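Participant: This structure is in structure tokens; I'll ask about it shortly.
Protein chains in written order, with this note's numbering: chain D, 696 to 1001; chain G, 696 to 1001.
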């Protein structure tokens, strides 16, 4: 658990040349993750659109989130409207429940009289739990099945699941996914309370809450927050709620205040190889490569463009 | 994500009576988790043996770990020997890698010359990655399959997986599981470095590292630690390594310093109902109960005995 993992992280320079292979040789071993990254051509990466990027800024630093409007157009639009008004600035993280979620926004969002005014942003939104399969973009399946859905995989860089029988596809509650808190009614979310998954993927929430984004960088600022001591990880009055300095759309900031990101195209051959490298770890430390992988353990390669 | 979850936590008192059912009626809905707990008879719980319990004590509090010697007798025995010597007292947490593990112990454990002396505890141990199925106790499967293994389920309160074809069973890398760090060689663990899973279950580590326990209480003290800024989440020299005040076997302490725990028998009818309650959530908040569950999302009911 020590040396080998360190080696993996440093192994990017150690690329094996593709062997010339005769008909009767064994198939080549899958690449390591480092090899996949080192060999991925620029066209297998996409720039993240700053119009679809929001920054959640705490005293501890910046959490960068890419939105997925194809899956939840109304929630994404309402969030950008709220963010544009400075709605979240000065609000706080309300809840950090261990092995589950961190949640922030207006603590009185569900109270018609006391909720913080949302300006032009509408009130409650219709649930956007799933979408038509042909409406969101190409689905890249993972090959080893899924406990929760007929198929799991990736769409546009986001973990997802689908049911070909019903023709529906939805985002999956993997670590780092962004959702819109809601009350008991399905159509009661408003994007005035948001959460990010900070524990083992609670996939039973799939199609129960609207997911609409993914943390690209800084998720550890949420996952390492002190846990709230009240039920469900809500902070008690004795605890200090972590302050939100501001939540802002990246495109609203001058270029000098932004960071640019690239995400590997999950439709690319490099991503296919990435999945393979993660299914069958060839790094020296592994005694027994699994040969299988679950959607939330794949990870989507994401890098800063400096 | 707000009101309903709060209700769930408070719903223990709201138990529905079992309906009288005619032949042609629909089957009864599965119970809620709160109902399962409220109706579980005392014989469906077992006391946790203080001889198998270790406390890891940080400045922030106590992490309680139950060992699983049936799965890794040599590692459990060596850990108890080290703990009995006060070996870990004054050492530190070395690593907190986001969405992965927290690891503690002797940073020089793999260095034959500079490692902290281990007294009677032997050096490197043979790997204990899996065991014969008939050697560890009854296996209670989860009914919805598993991405990583032919079967997943529980043995003696620990999440596990097995392969009936090979007759082998092993503990599963779910959130909160305890493992023994090792170097590149499979037989290089010594229990002088330990880790706990603090993120989405890295099941690809199954059968690659010796697992031998589970955190019963206090895992949030590890999962909310600041992340290390070096590769793999190791703390840099500029960061303060969280101090281990002591690591001690519960049975070595006077009764007044211990806490007693009970764990639901994973072979009991109550645990079968627990799985069912978690597969098909009947609480009002859920719009679309999954009807399926993955082993690491089941959780094993654990309670303090005050």
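Glycine included, each C-beta is placed from N, C-alpha and C at the ideal position.
The model shown is predicted, which means the values in this text are computed figures rather than measured ones.
Just by C-beta distance, which residues in the region 886 to 907 of chain G are closer than 8 Å to chain D?
Facilitator: 888, 890, 894, 895, 896, 897, 898, 899, 901, 902, 903 and 904
Participant: Can you tell me the Cβ-Cβ gap for residue 725(G) and residue 987(G), rounded? I've got them flagged as a contact below 8 Å.
Facilitator: Counting from 1 along the second chain, the entry for residue 725(G) is found at position 30. Counting from 1 along the second chain, the entry for residue 987(G) is found at position 292. 13 Å between Cβ atoms; not a contact.
Participant: Can you check DSSP and say which residues form a bridge with residue 986(G)?
Facilitator: Counting from 1 along the second chain, the entry for residue 986(G) is found at position 291. Partner(s): none; residue 986(G) has no beta bridge.
Participant: Within the same chain, show all residues whose beta-carbon is closer than 6 Å to that of residue 853(G), passing over the 5 residues directly before and after it, in chain order.
Facilitator: The residue given as residue 853(G) occupies position 158 in the second chain. Cβ neighbours of residue 853(G) beyond the five flanking positions: 763, 866 and 909.
Participant: Whose Cβ in chain D lies nearer than 7 Å to the Cβ of residue 920(G)?
Facilitator: Here residue 920(G) refers to the residue found at position 225 of the second chain. Near residue 920(G) (Cβ distances below 7 Å), the residues of chain D are 919.
Participant: CB residue 881(D) to CB residue 822(D), shorter than 8 Å?
Facilitator: Counting from one through the first chain, the residue named residue 881(D) turns up at place 186. Counting from one through the first chain, the residue named residue 822(D) turns up at place 127. A contact, by the Cβ cut-off of 8 Å.
Participant: Nearest by alpha-carbon distance to residue 834(G): which of 843(G), 814(G), 878(G) and 855(G) is it?
Facilitator: Here residue 834(G) is taken as the residue at index 139 of the second chain, counted from 1. Across the set 843(G), 814(G), 878(G) and 855(G), the C-alpha of 855(G) shows the shortest separation from the C-alpha of residue 834(G).
Participant: Once DSSP output is grouped into helix, strand and coil, what is the label at residue 969(G)?
Facilitator: Working through the second chain from its first residue, we reach residue 969(G) at position 274. Correct three-state label for residue 969(G): helix.
Participant: Does chain A have any CB closer than 8 Å to the CB of residue 936(D)?
Facilitator: The question asks about chain A, but that chain is absent: this structure's protein chains are D and G.
Participant: Classify residue 769(D) as helix, strand or coil using the three-state DSSP reduction.
Facilitator: For the purposes of this step, residue 769(D) is identified with residue 74 of the first chain, where counting begins at 1. Here residue 769(D) sits in helix by DSSP.
Participant: Does the beta carbon of residue 983(G) sit closer than 8 Å to a beta carbon anywhere in chain D?
Facilitator: Residue mapping note: residue 983(G) aligns to position 288 of the second chain, counting from 1. Yes, its Cβ sits closer than 8 Å to a Cβ of chain D.
Participant: By how many angstroms is the C-alpha of residue 734(D) removed from the C-alpha of residue 707(D)?
Facilitator: By one-based count along the first chain, residue 707(D) stands at place 12. By one-based count along the first chain, residue 734(D) stands at place 39. Bear in mind that a pLDDT of 30 at residue 707(D), under 50, signals an unreliable position, so the model cannot answer this.
Participant: Roughly how many whole angstroms lie between the Cα atoms of residue 759(G) and residue 804(D)?
Facilitator: Here residue 759(G) is taken as the residue at index 64 of the second chain, counted from 1. Here residue 804(D) is taken as the residue at index 109 of the first chain, counted from 1. Cα-Cα distance, rounded: 37 Å.
Participant: Decide if the region 869 to 885 of chain D is in contact with the region 837 to 847 of chain D; the criterion is three or more beta carbon pairs, one per stretch, under 8 Å apart.
Facilitator: no
Participant: State buried or exposed for residue 1000(G), treating a residue as buried only when at least 16 other CB atoms are found within 10 Å of its CB.
Facilitator: In the second chain, residue 1000(G) corresponds to position 305, counting from 1. Residue 1000(G) is exposed by the Cβ-count criterion.
Participant: State the start and end residues of the unbroken alpha helix (DSSP H) segment that holds residue 733(D).
Facilitator: Residue numbering aside, residue 733(D) sits at position 38 when the first chain is read from its first letter. Per DSSP, residue 733(D) belongs to the alpha helix (DSSP H) from 728 to 734.
Participant: Where does residue 897(D) sit, in a helix, a strand or coil, going by DSSP?
Facilitator: Residue mapping note: residue 897(D) aligns to position 202 of the first chain, counting from 1. Three-state result, residue 897(D): coil.
Participant: Anyone know if the C-beta pair for residue 824(G) and residue 893(G) falls short of 8 Å?
Facilitator: As a first step, residue 824(G) is located in the second chain; it is residue number 129 there, counting from the start. As a first step, residue 893(G) is located in the second chain; it is residue number 198 there, counting from the start. Not in contact: residue 824(G) and residue 893(G) (Cβ atoms no closer than 8 Å).
Participant: Please specify which runs of the beta strand (DSSP E), each continuous and at least 3 residues long, are wholly inside the region 907 to 983 of chain D, giving them in chain order.
Facilitator: 939 to 944 and 955 to 959
Participant: With a CB to CB cut of under 8 Å and the five nearest residues on each side skipped, what residues in its chain are close to residue 902(D)?
Facilitator: Working through the first chain from its first residue, we reach residue 902(D) at position 207. Within the same chain, residue 902(D) has close Cβ partners 824, 825 and 865.
Participant: Quick check on the burial criterion: 16 or more other C-beta atoms within 10 angstroms. Buried or exposed for residue 897(G)?
Facilitator: Within the second chain, the letter at position 202 stands for residue 897(G). The residue in question, residue 897(G), is buried, as its Cβ has 16 or more Cβ neighbours within 10 Å.
Participant: Could you tell me which residues DSSP puts in a beta bridge with residue 872(G)?
Facilitator: Sequence index remark: in the second chain, residue 872(G) carries index 177 (1-based). DSSP output for residue 872(G) lists 909(G) as bridge partner(s).
Participant: Whole angstroms is fine: what's the gap from residue 797(G)'s alpha carbon to residue 997(G)'s?
Facilitator: Within the second chain, residue 797(G) is the residue found at index 102, counting from 1. Within the second chain, residue 997(G) is the residue found at index 302, counting from 1. Taking the straight line from one Cα to the other gives about 22 Å.
Participant: Assuming residue 1085(D) contacts residue 755(D) (C-beta within less than 8 Å), just tell me the rounded distance between them.
Facilitator: Look at the range of chain D in this structure, 696 to 1001, and you will see that residue 1085(D) is not part of it.
Participant: Consider the Cβ of residue 930(G): report whether some Cβ of chain D lies at a distance smaller than 8 Å.
Facilitator: Stepping through the second chain from its first residue, residue 930(G) is reached at position 235. No, residue 930(G) lies away from the interface with chain D (no Cβ there is under 8 Å from its Cβ).
Participant: From the beta carbon of residue 988(D), is the nearest beta carbon of chain G less than 8 Å away?
Facilitator: Within the first chain, numbered from 1, the residue matching residue 988(D) stands at position 293. By this cut-off, residue 988(D) is an interface position.
Participant: Could you spell out where the beta strand (DSSP E) holding residue 750(G) opens and where it closes?
Facilitator: If you number the second chain from 1, residue 750(G) lands on position 55. 748 to 753 is the extent of the beta strand (DSSP E) around residue 750(G).
Participant: Taking a Cβ distance cut-off of 8 Å, strictly less, list which residues of the region 847 to 874 of chain G are near chain D, in chain order.
Facilitator: 869, 870, 871 and 874
Participant: How long is the line joining the alpha carbons of residue 783(G) and residue 941(G), rounded to whole angstroms?
Facilitator: The residue labelled residue 783(G) in the question sits at position 88 within the second chain. The residue labelled residue 941(G) in the question sits at position 246 within the second chain. Separation of residue 783(G) and residue 941(G) (C-alpha to C-alpha, rounded to the nearest whole angstrom) is 6 Å.
Participant: Does the beta-carbon of residue 938(D) have 16 or more other beta-carbons within 10 angstroms, so that it is buried, or is it exposed?
Facilitator: Position 243 of the first chain, counting from 1, holds the residue named residue 938(D). By the neighbour-count rule (16 or more Cβ atoms within 10 Å), residue 938(D) is not buried but exposed.
Participant: Short check: CB of residue 775(D) to CB of residue 944(D), under 8 Å?
Facilitator: As a first step, residue 775(D) must be located in the first chain, where it is residue number 80. As a first step, residue 944(D) must be located in the first chain, where it is residue number 249. Yes; because the gap between Cβ atoms is below 8 Å, this pair is in contact.
Participant: Please report the straight-line C-alpha distance between residue 832(G) and residue 857(G), rounded to a whole angstrom.
Facilitator: Here the question's residue 832(G) lines up with position 137 in the second chain. Here the question's residue 857(G) lines up with position 162 in the second chain. Residue 832(G) and residue 857(G): Cα-Cα distance of roughly 12 Å.
Participant: Taking the alpha carbon of residue 771(G) as the point to measure from, which residue in 794(G), 781(G), 785(G) and 747(G) has its own alpha carbon closest?
Facilitator: Within the second chain, residue 771(G) is the residue found at index 76, counting from 1. Taking only the C-alpha atoms, the option nearest residue 771(G) is 747(G).
Participant: Beta-carbon within less than 6 Å of residue 716(D)'s beta-carbon, same chain only, minus the 5 sequence neighbours each way: which residues are those?
Facilitator: Numbered from its first residue, the first chain carries residue 716(D) at position 21. Residue placement at residue 716(D) is flagged as unreliable, the pLDDT there being 42, under the threshold of 50; a coordinate-derived value is accordingly withheld.
Participant: List the residues of chain G that residue 980(D) touches, going by C-beta distances under 9 Å, in chain order.
Facilitator: As a working mapping, residue 980(D) is identified with position 285 in the first chain. Residues of chain G passing the Cβ test: 877, 878, 879 and 903.
Participant: I need the boundaries of the beta strand (DSSP E) containing residue 783(G), first residue and last residue.
Facilitator: As a first step, residue 783(G) must be located in the second chain, where it is residue number 88. Careful: residue 783(G) lies outside any beta strand (DSSP E) and carries neither H nor E.
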